[in-house]
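Take 699 as the starting number for the sequence shown in the working numbering and just add one per residue.
For every residue, glycine included, the Cβ atom is placed at its ideal position computed from N, Cα and C.
Here is the structure we will look at.
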Amino acid sequence: MVSAMKTLFAATWWFGRLAVEEAWRVYQQQSSDPLEERLLKAVVAGASAVELDPQVLSVGLGGLPNQLGEVELDAAVMEGSHLRAGAVAGIRRFIPAIQIALRVMQKTPHLMLAGEGAERFALQEGFSPRLLLTEESVRRWYSWYQQQHAPKDVSQERAPGNESHDTVGVLGWGEGHLVAACTTSGLAWKMPGRVGDSPIVGAGLYADDEAGAAVATGRGEEIWRFALCSRVVELMREGVSARRACEQVVQAMLRRLPEVAQHQAAVVAIRADGDFGCAATQPDQFEVFFCRDGQLFSVKPSASSDS
C-alpha cells in the first residue's frame, strides 16, 4: 500500500537497478541526516554509480563521444521542497557530472554552468580531470569515423554483455519529499556542444513536493521541445495518477510531434503521495527499476501502478 510506504526510488533502464540499489544503500547510511538531505544524497549517489560504470555506453565513463571523439556530459538535479536545482552541460574530463551539478545547486547563485566554466568550477571544487574514453568507446567511435554516419541514438545497442540505452533518470520519494536527477553523455557522434533535455529543468526532470516529480529519457530534442516532465508534474498536481499523467503526456507528444514515434521517449513519475507510473513511445523496450523500502522490483509501462 502506498500509504504504508516510507521511501521509494526509481531509475530508468537496465542500469537503473544499480542506481536504486546504491540510492537505498546510501539512504540507510545517512540515518542521522534530515530526511530531505538523506534523499538528495541518495539520489545523487545512485546516478553517480551509473556514471562510473563503463559498461553503460550513454552515461559518464565510457559514454560514446561526439564527432570529434570527445565525451561531453550533461547532468541536473532538482529537489522539490524549495524548487532548487543545479545543472552542468557540455562538461568534459570530469565525473561524476551529477556531483558537479549538485555543487552548482548548493554553492552558486546559478542554475547551470556549461563547458569551460563548468570545468573550471569542477576544478575549484576539488574534482580531478580524467580520461572518460574507454577501449570500447574508442573502438566504436573509430568505426563510426571511418563510415561517417550521422549522429545516432544508441538506445537499442549493446555493450559487451549488456544493453545500452540513454539517460539515467533517478527519482527519490520519502514521506512526501521528492528529488530528481538526470545524467547522460547524450547522442553518440553528436555535434560538439550539442545539449539534450537531461540538464533542462522542466524537460528532462522536474520535482515539486506539492505535486510530484518526473524524469525523462530518450531523444532529447523532442523531449525538450515538449517540456515533457513539467507537463507530467502539472497533471499530477491536478490529481491525475502518476501512470495516467505519464500516458496522457506521451500520447499528446505523439500527436503534436509524430516524428517522435521513430525514437524512444519515456517518462517516469512519482506523485507527492508516492503513487508511481511510467509511459514510453516504445513501451516494450522500456523498463524502470524501483526500490520500495528496500524491496527491488522492475516495471514495464503497461504494469505501472494506478490509484
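Just how far apart, CA to CA, sit residue i and residue j?
i	j	result
K805	H875	22 Å
A708	D864	15 Å
L1007	S835	Limits of the chain in this structure are 699 at one end and 1005 at the other, which puts residue 1007 out of reach.
R801	E823	8 Å
V947	G778	21 Å
V868	G744	7 Å
S886	A702	First, the residue type needs correcting, since residue 886 is Ala and not Ser in the sequence shown. The straight-line gap from Cα to Cα measures roughly 43 Å.
S826	A795	12 Å
P897	Q845	30 Å
Q727	V742	14 Å
Q642	F987	Absent from the structure is residue 642, since the part of the chain shown begins at 699 and ends at 1005.
F792	L766	18 Å
S883	E749	9 Å
R969	R935	8 Å
G910	L926	14 Å
S1000	F819	43 Å
F984	A785	25 Å
K998	A799	29 Å
E976	G918	Before going on, a small fix: residue 976 reads as Cys here, not Glu. Computed Cα separation, rounded: 17 Å.
I'd like the list of long-range same chain contacts for residue i, defined as Cβ closer than 7 Å, with 5 residues on each side in sequence excluded.
i	result
A783	A774, V775, M776, M803, L809, V899
A747	L716, A717, E720
L955	E920, R923, F924
V893	D772, A787, G788
G972	V700, M703, L706, W871
V930	A912, A943, C944, V947, V965, A967
R838	L762
In this structure, what does DSSP give as the bridge partners for residue i?
i	result
W871	L706, L876
C989	F707, L994
M810	A785
F974	I968
V866	T881
G758	DSSP, once it has assigned bridges, lists no residue as partnering G758.
Under the assumption that residue i contacts residue j (Cβ atoms under 8 Å), give the Cβ distance between them as a whole number of angstroms.
i	j	result
T705	V913	Wrong, their Cβ atoms sit about 17 Å apart, outside the cutoff.
L952	A943	That belief does not hold up - the Cβ atoms of L952 and A943 are roughly 15 Å apart, past 8 Å.
E873	L781	Actually they are not in contact, since the Cβ atoms of E873 and L781 sit about 18 Å apart, beyond 8 Å.
S928	Y904	5 Å
Among residues of its own chain, excluding the 5 on either side of residue i, which ones have a beta-carbon nearer than 6 Å to its beta-carbon?
i	result
C989	F707, V718, W722
N764	E770, K888, P890
Y725	R736, A740
T915	T710, D864, T865, G867, A964
Could you pull out every residue in the same chain whose Cβ sits closer than 8 Å to the Cβ of residue i, ignoring the five residues on either side in sequence?
i	result
T979	G916, V948, M951, L952, V958, A959, H961, Q962, A963, A964
G1039	Outside the shown range of the chain, which is 699 to 1005, sits residue 1039, and nothing can be said about it.
Nearest chain C C-beta to residue i closer than 8 Å, yes or no?
i	result
T832	Given the protein chain composition of this structure (a single chain), no chain C is represented.
Problem set entry | Contact between the segment 735–747 and the segment 877–896 (3+ Cβ pairs under 8 Å) | Counting Cβ pairs under 8 Å, three or more are found: they touch.
Exercise. Counting Cβ pairs closer than 8 Å, one from the segment 760–768 and one from the segment 823–833, do we hit at least three?
Worked result: Yes: the two stretches touch, three or more of their Cβ pairs being nearer than 8 Å.
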